[in-house]
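Step one of this worksheet: look at the structure below.
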Amino acid sequence: MTAPVYNFAYLNEQTKRMIRRALLKAVAVPGYQVPFASREMPMPYGWGTGGVQVTAALLMPEDTLKVIDQGSDDTTNAVSIRKFFVKTAGVKTTETTEDASIIQTRHRIPETPLHEGQILVFQVPIPEPLRFLEPRETETRKMHALEEYGIMHVKLYEDISIFGQIATSYDYPALVNDRYVFDPTPIPKFDNPKLDQSAALQLFGAGREKRIYAIPPYTAVKSLDFEDYPFEIQRWDKPCSVCGSTTSFLDEILTDDKGGRMFVCSDSDYCGKRPAL
Amino acid sequence: MTPLLSVSDVTKYYGNRVGCEGVSLDLHAGEVLAIVGESGSGKTTVLRCLSGHLATTSGTIKYAMRDGRVIALETMSEAERRLLMRTDWGFVHQDSRDGLRMGVSAGANVGERLMAVGQRHYGRIRHAAETWLNDVEIPVDRIDDSPWDYSGGMRQRLQIARNLVTSPRLIFMDEPTGGLDVSVQARLLDMIRGLVRKLGLSVVIVTHDLAVARLLSSRMMVMQGGHVIETGLTDQILEDPQAPYTQLLVSSVLQV
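In structure tokens, the structure reads:
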């Protein structure tokens with residue numbers, strides 16, 4: 080046996096082939112959850128093992144990688160995944176959204192609009208949007224197959240009857256290409272409109288759950304809602320305290336224990352490139 | 005007139021054991037049929053076969069659709085059958101926890117079928133839920149309560165409302181009064197009888213309680229050991245039972 084001791088970007092060729100096949104199928108059937116033989120990764124489940132496998136299967140030596148976590152390039156999860164790929168693939172990395180060819184993300188879509196040719200890889204904790212109302216996997220698959228999605232509105236109905244509005248603010252279910260209801264991962268619903276007709280290819284990997292799904296470029300993604308309670312995104316009274324943006328997603332940061340707080344863009348690259356106030 | 009539900013020679017085996025054997029019946033629109041018998045006599049098996057919850061071993065079940073077509077259940081695609089089950093049919097379980105979605109409020113339970121058939125207007129769904137709760141005598145201010153906070157009788161009534169919201173034509177009931185105390189039973193039966201008359205529903209009801217059968221049904225089917233041993237008008241059977249087992253059953257009813 081003359082098996083190579085090193086393979087580009089961590090995964091062996093057979094694994095990459097398997098994941099790429101799943102990816103092709105996922106792109107061919109937008110929003111459909113394709114099962115794949117998820118591998119053990121050198122990080123715990125919940126840290127983005129699905130996203131890492133998708134990224135590893137996609138990476139080419141000429142790629143430029145950006146990794147974000149909650150919009151930020153410098154949180155633990157983002158830093159360690161970026162380091163992982165520098166070590167195993169030696170690819171260029173960047174913090175600039177426009178320069179990246181592959182962006183792996185957890186919980187956000189960058190504020191800067193993505194362009195054609197870019198790939199956005201999402202880390203998915205729970206790929207099944209129907210699970211919380213219907214725990215049986217056999218049943219949820221059947222429901223997807225038969226397009227029985229009434230139950231998703233039961234959840235939104237509950238929100239309105241309890242809170243007077245659709246209180247679901249992240250993981251907000253949406254319909255892809257008029258066919259599959261999918262879980263857009265815990266991105267805030269603020270980002271849901273960016274999924275729709277995106278120029279970039281959007282791929283979703285769930286490592287523990289062993290599922291891959293995709294939204295090809297320029298695919299319709301419609302967030303579920305009621306006629307009399309239309310889908311709405313979050314809004315803030317104040318602009319970002321650092322850059323003054325009124326159109327980005329803001330994080331609330333507590334500054335002392337006397338009730339002091341500030342609102343700052345969650346996308347660190349976007350905020351940092353704008354002139355400070 | 006074509007019967008709404010036409011069953012011929014339905015048989016269900018569980019391995020070597022007999023669930024039910026050679027059951028045939030016709031159910032016409034607006035008719036209430038009671039299936040009675042002791043525990044283990046196969047009455048629930050028959051009900052589950054008729055309602056499409058259980059695949060039969062042999063026999064045919066034909067249903068007259070709204071558009072007049074008569075379709076055999078076993079030739080329907082699963083999608084069609086499931087659509088039928090949640091629009092034109094209803095199923096009231098003995099244990100309300102099987103029939104309700106316990107994790108969501110009463111209003112959502114009633115509204116679920118409407119949302120499943122494509123209603124997307126919150127106000128109208130809510131209004132329909134309020135109307136139905138009222139019709140089954142549940143105070144409308146309990147609409148946002150969880151079914152866990154309901155009494156057994158209220159849960160059964162909620163189950164009925166949840167089934168009737170899409171105006172089905174055929175309802176299957178499996179011991180709907182089981183586990184309720186006598187006064188609550190009486191009230192529930194009274195309500196079911198009223199709704200059946202008002203809406204012209206066809207009902208197949210499984211019960212071991214002859215009083216329930218007498219109160220609700222026009223026709224009756226007595227089962228023992230997986231076989232139908234006697235069928236006929238309810239009054240006729242109760243007044244003049246022919247089969248020895250039916251005689252025993254009728255005479256064993258406690259007289260107060």
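Chains D and B are the protein sequences, given in the same order. Heads up: the first sequence is residues 80 to 356, going by our numbering. Heads up: the second sequence is residues 5 to 260, going by our numbering. Just so you know, even glycine gets a beta-carbon here, dropped at the ideal spot from N, CA and C.
#1: Report the residue from Tyr85(D), Lys95(D) and Gly110(D) whose alpha carbon sits nearest the alpha carbon of Tyr292(D).
#2: Between Arg117(B), Thr64(B), Asp213(B) and Asp239(B), which has its C-alpha nearest Ser256(B)'s C-alpha?
#3: Consider the C-beta atom of Thr143(D) and the heavy atoms of the ligand GTP; say whether any pair is separated by less than 7 Å.
#4: Could you give the DSSP three-state label for Phe328(D): helix, strand or coil?
#5: Here's a check: name, in chain order, each residue in its chain whose Cβ is nearer than 6 Å to the Cβ of Leu193(B), leaving out the five neighbours to either side.
#6: If you run the structure through DSSP and keep just helix, strand and coil, what is Thr176(D)?
#7: How big is the Cα-Cα spacing for Ile182(D) and Ser109(B)?
#8: Going along the region 287-308 of chain D in order, which residues come within less than 7 Å of chain B, judged by CB to CB distance?
#9: Could you spell out where the beta strand (DSSP E) holding Phe261(D) opens and where it closes?
#10: Is the number of C-beta pairs between the region 321-340 of chain D and the region 154-173 of chain D that are closer than 8 Å three or more?
#11: Closest to Arg262(B) by CA distance: which of Leu242(B), Ser55(B), Gly103(B) and Ile129(B) is it?
#12: Counting only Cβ pairs nearer than 9 Å, list the residues of chain B close to Ile230(D).
#13: Closer than 8 Å, Cβ to any Cβ of chain D: which residues of the region 148-161 of chain B, in chain order?
#14: Using a Cβ-Cβ distance cut-off of 8 Å, determine whether Gly23(B) contacts chain D.
#15: Hey, which unbroken runs of the alpha helix (DSSP H) at 4 residues or more fall wholly within the region 188-224 of chain B?
#16: For chain B, find out if any of its Cβ atoms is closer than 8 Å to the Cβ of Glu311(D); answer yes or no.
#17: Could you tell me which residues DSSP pairs with Thr235(B) in its beta bridges?
#18: In this structure, does DSSP put Val255(D) in helix, strand or coil?
#19: Give the secondary structure of Gln132(D) by DSSP, where H, G and I count as helix, E and B as strand, and everything else as coil.
#20: Three-state secondary structure (DSSP) at Glu25(B)?
#21: Are any of the Cβ atoms in chain D nearer than 8 Å to that of Val108(B)?
#22: Can you tell me where the beta strand (DSSP E) holding Tyr17(B) begins and where it ends?
#23: Would you kindly work out how many angstroms separate the C-alpha atoms of Asp178(D) and Gln149(D), rounded to a whole number?
#24: Along chain D, in chain order, which residues have C-beta atoms closer than 9 Å to that of Ile75(B)?
#25: For the alpha helix (DSSP H) holding Cys53(B), just list the boundary residues, first then last.
#26: Does DSSP classify Pro151(B) as helix, strand or coil?
#27: Glu116(B) to Lys352(D), Cα distance in whole Å?
#28: Enumerated in chain order, which unbroken segments of the alpha helix (DSSP H) with a length of 4 residues or greater are wholly contained in the region 93-156 of chain D?
#29: Can at least three beta-carbon pairs, one atom from the region 276-288 of chain D and one from the region 211-223 of chain D, be found at a separation below 8 Å?
#30: If we define contact as Cβ-Cβ less than 8 Å, is Leu225(D) a contact residue for chain B?
#31: Where does Ile332(D) land, buried or exposed, given buried means 16+ other C-beta within 10 angstroms?
#32: Expressed to the nearest angstrom, what Euclidean distance is found between the alpha-carbon atoms of Ile294(D) and Thr181(B)?
#33: With a threshold of 8 Å on Cβ separation, who are the neighbours of Asp30(B) within its own chain once the five nearest residues in sequence on each side are excluded?
#34: What does the alpha-carbon distance come out to for the pair Thr191(D) and Val260(D)?
#35: Among the residues of its own chain, which have a CB less than 6 Å from the CB of Leu235(D), if the five just before and after it don't count?
#36: By the criterion of Cβ-Cβ separation under 7 Å, what are the contact partners of His125(B) in chain D?
The answer reads as follows:
#1: Gly110(D)
#2: Asp213(B)
#3: Questions concerning the ligand GTP fall outside what the structure shown contains, since it holds no ligand whatsoever.
#4: Three-state result, Phe328(D): coil.
#5: Around Leu193(B): Leu219.
#6: helix
#7: Distance between the alpha carbons of Ile182(D) and Ser109(B): 41 Å.
#8: Phe305, Glu306, Asp307 and Tyr308
#9: Tyr259 to Phe261
#10: no
#11: In the structure as shown, chain B starts at 5 and stops at 260, and residue 262(B) therefore has no counterpart that could be examined.
#12: Arg105, Glu116, Met119 and Ala120
#13: Asp148
#14: no
#15: 214-220
#16: Glu311(D) has a beta carbon lying at 8 Å or more from every beta carbon in chain B.
#17: Met225(B)
#18: strand
#19: helix
#20: strand
#21: yes
#22: Leu9 to Tyr18
#23: 19 Å
#24: Those within 9 Å of Ile75(B) in chain D number zero; the least Cβ separation is about 18 Å.
#25: Lys47 to Leu54
#26: helix
#27: 48 Å
#28: 128-137
#29: no
#30: yes
#31: exposed
#32: 50 Å
#33: Pro7, Leu9, Ser10 and Val11
#34: 26 Å
#35: For Leu235(D), where only same-chain residues beyond five positions count, the Cβ hits under 6 Å are Ile245.
#36: Under the 7 Å cutoff, chain D gives Phe305, Glu306 and Asp307.
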